[in-house]
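Structure, as structure tokens:
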Amino acid sequence: KAIDFLLPYSLSDGKDWPVQNLKGFDMKDYLKCLQIAWVIYGDEKYVEAIKYLEPKVREVMDSGKIKAISTFMCDMSTVLEATKRGGQGMIWHWCLT
Numbered sequence: 001k002a003i004d005f006l007l008p009y010s011l012s013d014g015k016d017w018p019v020q021n022l023k024g025f026d027m028k029d030y031l032k033c034l035q036i037a038w039v040i041y042g043d044e045k046y047v048e049a050i051k052y053l054e055p056k057v058r059e060v061m062d063s064g065k066i067k068a069i070s071t072f073m074c075d076m077s078t079v080l081e082a083t084k085r086g087g088q089g090m091i092w093h094w095c096l097t
């Protein structure tokens, strides 16, 4: 899973990222991915990462560098999709943008 590939880099602020990083790491987008992955897969490692990254995202939001984000529609569509597929839903691209 791509979410698992990115996990160690997100928790180390991108340390040892294997390719050139042009735009930095957008934590708010990855946080949405983690929240969706937790709903779909239920793995506790996602909860721990969410607990670590949420305060960082909140800090950036409070500084005005990014605006507030809503994942309600994304979360709802994922839950509905997951129930159709027996808990193994898909993370749709439009949820991540």
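Positions 1 to 97 (UniProt numbering) are the ones given, in order, by the sequence shown.
Glycine included, every Cβ here is placed at the ideal spot set by N, Cα and C.
None of these values were measured; they are calculated from a predicted model.
Residue i to residue j span [Cα, whole Å]
i     : j     : result
Gln20 : Val60 : 23 Å
Trp17 : Lys32 : 20 Å
Leu11 : Ile66 : 20 Å
Ala2  : Pro8  : 11 Å
Ile50 : Trp38 : 9 Å
Trp36 : Asp43 : Checking the displayed sequence, the identity of residue 36 turns out to be Ile instead of Trp. Distance between the alpha carbons of Ile36 and Asp43 is about 11 Å.
Asp4  : Gly24 : 18 Å
Gly14 : Arg58 : 18 Å
Inter-residue CB distance, residue i and residue j (contact presumed, cutoff 8 Å)
i     : j     : result
Lys45 : Met27 : About 17 Å separates the two Cβ atoms, so there is no contact after all.
Ser53 : Leu34 : Looking at the sequence provided, one finds Leu at residue 53 rather than Ser. So it is a contact: roughly 7 Å between Cβ atoms.
C-beta contact flag for residue i and residue j at 8 Å
i    : j     : result
Leu6 : Tyr30 : yes
Per-residue DSSP class, three states only, for residue i
i     : result
Leu34 : helix
Ile66 : coil
Pro55 : helix
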